[in-house]
Amino acid sequence: MIVSMNLSLDGCIEAQGQDDGSWLRIDEEVHRVFNELAAGADAFLYGRKVYEVMIPYWPDAAEDAAKPAYEREYGRLWTDTPKVVVSTSLKEPGWKTRVVSSDVFEELERLKRKNRHRERPYRGHVAFGIPCRTPLFHGMI
């Protein structure tokens, strides 16, 4: 598993009162790194809050001609890639998304086993917006 976190140089992962990610300044260069990371993933793993930030923007981004090409590319990757959201409250996620509310690591192992039978080797899961400590202690990172 690869954990991707937006982190400022002084260690901040969110701005007070701005848990929607609006404090981030993501330019084309940074976005292309995200695109490369996303293109290499078999699935995305989200916490509920980050997933809810993504939902209003990315489902339609691929088809929006007003958006830059690198955002449209990420929009395609986002809608095409299976997503797993860790949540006890999210009920109807949509967009190739499955909600897991109990054993996340069992679900990840299931996905990993499933992908072993494909022609292409297992590429890994990219985790966004989940505490790193938990998967680290389970040997998932």
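Residue numbers (UniProt numbering): 1 to 141. Glycine included, C-beta positions come from ideal geometry on N, C-alpha and C.
Suppose contacts are defined by Cβ-Cβ distances below 9 Å. Is residue i in contact with residue j by that definition?
i, j, result
"Leu37", "Val86", "no"
"Glu52", "Ala61", "no"
"Glu28", "Pro68", "yes"
"Ala43", "Leu111", "yes"
Can you list, in chain order, the residues of its chain with a C-beta nearer than 7 Å to that of residue i? Leave out the 5 residues immediately preceding and following it.
i, result
"Leu77", "Asn35, Ala38, Ala39"
Leaving out the 5 sequence neighbours to the left and right, which residues in its chain are closer than 6 Å to residue i when beta-carbon positions are compared?
i, result
"Trp58", "Gly75, Trp78"
"Leu90", "Arg48, Val99"
"Ile55", "none"
Quick one: residues in its chain with C-beta nearer than 8 Å to the C-beta of residue i, no 5 flanking neighbours on either side, listed in chain order?
i, result
"Lys96", "Thr79, Asp80, Thr81, Pro82, Lys83"
"Ser101", "Val86, Ser87, Thr88"
*Would you list, in sequence order, the uninterrupted beta strand (DSSP E) runs of no fewer than 3 residues that lie entirely inside the region 36-103?*
Every beta strand (DSSP E) of 3 residues or more that sits fully in the region 36-103 is shown, in chain order, as 43-47, 83-86, 97-100.
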